[in-house]
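Q:
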Amino acid sequence: MDTTSEIVVVTGFAPFRQYVVNPSWEAAKGLKMEGLALGIDVHIMEIPVSYAKSQQVLDHILQTVTPKVVIHLGIAPGAKGITLEQTGKNHCYKDRDVSGLCPVHHCCIEGGPERLDSVIDMRSLSKHLKNMGLDVIYSRDAGRYLCDFVYYYSLYHGQGRAALIHVPASGSLASPERVVPQLQTIIHALLRQLDSSEHATSEYVDSTQTETSHTLSLMGEEQYWVQPDGGQRHSLASQKQKERESDASGNYTVSLYTNEQ
Numbered sequence: 075m076d077t078t079s080e081i082v083v084v085t086g087f088a089p090f091r092q093y094v095v096n097p098s099w100e101a102a103k104g105l106k107m108e109g110l111a112l113g114i115d116v117h118i119m120e121i122p123v124s125y126a127k128s129q130q131v132l133d134h135i136l137q138t139v140t141p142k143v144v145i146h147l148g149i150a151p152g153a154k155g156i157t158l159e160q161t162g163k164n165h166c167y168k169d170r171d172v173s174g175l176c177p178v179h180h181c182c183i184e185g186g187p188e189r190l191d192s193v194i195d196m197r198s199l200s201k202h203l204k205n206m207g208l209d210v211i212y213s214r215d216a217g218r219y220l221c222d223f224v225y226y227y228s229l230y231h232g233q234g235r236a237a238l239i240h241v242p243a244s245g246s247l248a249s250p251e252r253v254v255p256q257l258q259t260i261i262h263a264l265l266r267q268l269d270s271s272e273h274a275t276s277e278y279v280d281s282t283q284t285e286t287s288h289t290l291s292l293m294g295e296e297q298y299w300v301q302p303d304g305g306q307r308h309s310l311a312s313q314k315q316k317e318r319e320s321d322a323s324g325n326y327t328v329s330l331y332t333n334e335q
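When the sequence shown is numbered by the working numbering, its final residue is 335 and no position is left out of the sequence of numbers.
#1: Would you say residue 81 touches the ligand HEM, meaning its beta carbon is less than 7 Å from a heavy atom?
#2: Can you tell me whether residue 234 is helix, strand or coil according to DSSP?
#3: Between the region 95 to 113 and the region 199 to 208, do three or more beta carbon pairs fall short of 8 Å?
#4: Taking the C-alpha atoms as reference points, what is the distance between residue 176 and residue 167?
#5: Less than 8 Å between the CB atoms is what I'm expecting for residue 267 and residue 105, so what's the real figure, rounded?
#6: In terms of residues, what are the limits of the alpha helix (DSSP H) holding residue 133?
#7: At the level of alpha carbons, what is the spacing between residue 200 and residue 239?
#8: For residue 126, count neighbouring C-beta atoms within 10 Å of its own C-beta (all shown protein chains included) and say buried if the count is 16 or more, exposed if not.
#9: Applying the 10 Å Cβ sphere with the 16-neighbour rule, what's the burial state of residue 133?
#10: Take residue 83 and list the residues in its own chain whose beta-carbon comes closer than 6 Å to its own, dropping the five residues that flank it on each side.
#11: Between the Cα of residue 129 and the Cα atoms of 229, 159, 245, 244, which residue gives the shortest distance?
#12: My output table needs one value for residue 122: the three-state DSSP class, helix, strand or coil.
#13: When the distance is taken between beta carbons, is residue 159 closer than 8 Å to residue 119?
#14: Exposed or buried, residue 161, counting other C-beta atoms within 10 Å across all chains shown (16 or more means buried)?
#15: Using the Cα positions of residue 220 and residue 109, report the straight-line distance between them to the nearest angstrom.
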């Protein structure tokens, strides 16, 4: 991992319903107190269990810091372990928040994709963590309440660089003493996966640039792409346009797959 300081934002939720003390926020405070690793600056933020106010908090985060990743912590009543969520959904938010309100049209982002996936591969991460002895659960259904809502919002505005982790809502498994060390292990593994992905992408871009730099020739003021075998020349501008069109889906993955908070 890079030794330069990186920002990781961790959020937890404010009290709601019977959860006068929300275990997700207690876990976030515990992570801030214990820290993650040298060179990682943990920023924590409490998110109101309100659709409108949660968006305001997330906007503030994205406008004031540039995090490596935003990690949302929520609670899952009845869960016996920690759940790693892959997908955020855009519609069907019909459960009312603490203000008694629902989003307009029960939607998070008007015109946004139905579902978005994190750039983090939660399935492979969960397998890795299970091999380490942690009892984690992989999930694609975050519950269509505030957790799901803020996850989708962060995925949409953060180009997929977000994670949602559900912790147990009650019992000894929900205590900071039990859950924080597990979250530290999970987040360390999550960051290593991100670093590996970024390193692989950087190497691919560098190798591609090196390879193609020898096949560019200048003719007048226009650059042309020359096939390595000396074949037909193509305008570099038209080639780049084709690439942009083929990559029009953006930087995050749209998934066609589908706990509380």
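Glycine included, C-beta positions come from ideal geometry on N, C-alpha and C.
A: Reading it off the structure:
#1: As presented, the structure is devoid of all ligands, the ligand HEM included, so that no description of it is given.
#2: In the sequence shown, the residue the question calls residue 234 occupies position 160. Reduced to three states, the DSSP call for residue 234 is coil.
#3: Contact between the region 95 to 113 and the region 199 to 208 is absent, because fewer than three Cβ pairs lie under 8 Å.
#4: Your numbering for residue 176 matches position 102 in the sequence shown. Your numbering for residue 167 matches position 93 in the sequence shown. Distance between the alpha carbons of residue 176 and residue 167: 7 Å.
#5: Position 193 of the sequence shown, counting from 1, holds the residue named residue 267. Position 31 of the sequence shown, counting from 1, holds the residue named residue 105. Actually they are not in contact, since the Cβ atoms of residue 267 and residue 105 sit about 18 Å apart, beyond 8 Å.
#6: The residue you call residue 133 lines up with position 59 of the sequence shown. Here the alpha helix (DSSP H) through residue 133 covers 125 to 138.
#7: One-based indexing of the sequence shown puts residue 200 at position 126. One-based indexing of the sequence shown puts residue 239 at position 165. Their backbone Cα atoms lie some 11 Å apart in a straight line.
#8: What you label residue 126 is simply residue 52 of the sequence shown in a count that begins at 1. Answer is exposed; the Cβ neighbour count stays below 16.
#9: In the sequence shown, residue 133 corresponds to position 59, counting from 1. Classification of residue 133: exposed, given that the 10 Å Cβ count is below 16.
#10: Here residue 83 refers to the residue found at position 9 when the sequence shown is read from its first residue. Spatial neighbours of residue 83 in its own chain (CB-CB distance under 6 Å, excluding positions within 5 residues in sequence) are listed in chain order as 117, 135, 141, 144.
#11: Looking up residue 129 in the sequence shown gives position 55. Measuring C-alpha to C-alpha distances from residue 129 to each of 229, 159, 245, 244 identifies 229 as the nearest.
#12: Within the sequence shown, residue 122 is the residue found at index 48, counting from 1. Reduced to three states, the DSSP call for residue 122 is coil.
#13: Reading the sequence shown from its first residue, position 45 is the one you call residue 119. Reading the sequence shown from its first residue, position 85 is the one you call residue 159. Not in contact: residue 119 and residue 159 (Cβ atoms no closer than 8 Å).
#14: Counting from one through the sequence shown, the residue named residue 161 turns up at place 87. In this structure residue 161 is buried. Its beta-carbon is surrounded by 16 or more other beta-carbon atoms within 10 angstroms.
#15: As a working note, residue 220 is residue 146 in the sequence shown. As a working note, residue 109 is residue 35 in the sequence shown. Straight-line Cα distance between these residues: approximately 26 Å.
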